[in-house]
Amino acid sequence: MNKIDKIYYINLDRRPDRNTHFLNQCRQHNLPFSKIQRFQAIDGLTYNFTEDIYKMFVNCDYFRTLDFYRKNNMQEKYYKIAEELTRKIMGNQLSHFKIINDIVINNYEYGIVFQDDAKLNNNFVEYIDNLIENLPEDTELMNIGANMLADGSHVIPWDFEKDSEETIIIENINDYVGRLDKDMNPCSLAYIVTRKGARNLVEYFNTVGFLKATDFNFNHYLMSKNIFYSCRKIMATTEFQGSDVFELCNVPI
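Using the UniProt record's numbering, the first residue of the sequence shown is number 1, and each one after it goes up by one.
Structure (structure tokens):
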């Protein structure tokens, strides 16, 4: 993985089990440990969001939903659940943003970002090396992970042996890259960011702010530029059921 400058994984301090899991995946698949960096995930439940950071979220849909709940006197116990979920989403969003900004600050050519529950496909390193050599010139963010289903806390992992990428890719760009179906959500599980992409994404979010949850922000941005790409062989999926952000609850947001 000579062209990959840094491999980030996002991990909450309160989830040492996931930290162990991801590092075991790296060992199993021979990822270069000299390039691996744990990013201490921003825990929205405890993080002190400054006024400037709040401004980046002011127009996001889940903030508007929370405001609607507040104005309509939602039962306190349900409002608290919705408020905690909102803060978790914010923490997740800000974690991804800070990593992308770190790529800009360090002028990295390529960085990989993982959620800490990622499970890697066989021949990961070899495939990523070949993928890097075949990235379209306009690539900003290349999705390399997917689940068969991901809806809040309910996740069905991608079956590397049985599931077909043809069900989610609508156009083959080359032997390694395809354009994703607009209804597919890679869930920001695992992706490569290019230098150009990192700069553009940081500028975009600093200008527009966050309008939706992390993955939908990415998806909307990429689709608007017609660069909603994925590798043609899914190389990462989710190992664990559930989500650190979307725990089971009966409050829509």
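We treat Cβ as the ideally placed atom computed from N, Cα and C, and that holds for glycine. Note that this is a predicted model, so its numbers are computed, not measured.
A straight line joining the alpha-carbon of Tyr-69 with that of Glu-140 spans about 37 Å. For Pro-157, there is no enclosing alpha helix (DSSP H); the residue is part of the beta strand (DSSP E) that begins and ends at 154-157. Looking only at Lys-6, Ile-170, Thr-65, the smallest Cα-Cα distance to Tyr-108 is reached by Lys-6. In the structure shown, Phe-216 falls within a helical segment according to DSSP collapsed to helix, strand and coil.
In the same chain as Gly-197, and ignoring 5 residues on each side of it, the C-beta atoms closer than 6 Å to its own belong to Glu-140, Leu-141, in chain order.
Going by beta carbons, Arg-232 and Tyr-176 fall inside the 8 Å limit.
Residue burial is scored here from C-beta neighbours: Phe-33 has fewer than 16 other C-beta atoms within 10 angstroms and is therefore classed as exposed. The beta carbon of Asn-185 sits closer than 8 Å to the beta carbons of Ala-150, Asp-215, Phe-216, Asn-219 from its chain, once the five residues preceding and following it are set aside; these are given in chain order. Annotated three-state conformation of Ser-164 is coil, per DSSP.
By the criterion of a C-beta distance shorter than 8 Å, Lys-35 is surrounded in its chain by Met-1, Ile-4, Asp-5, Lys-6, Ile-7, once the five residues flanking it on both sides are discounted.
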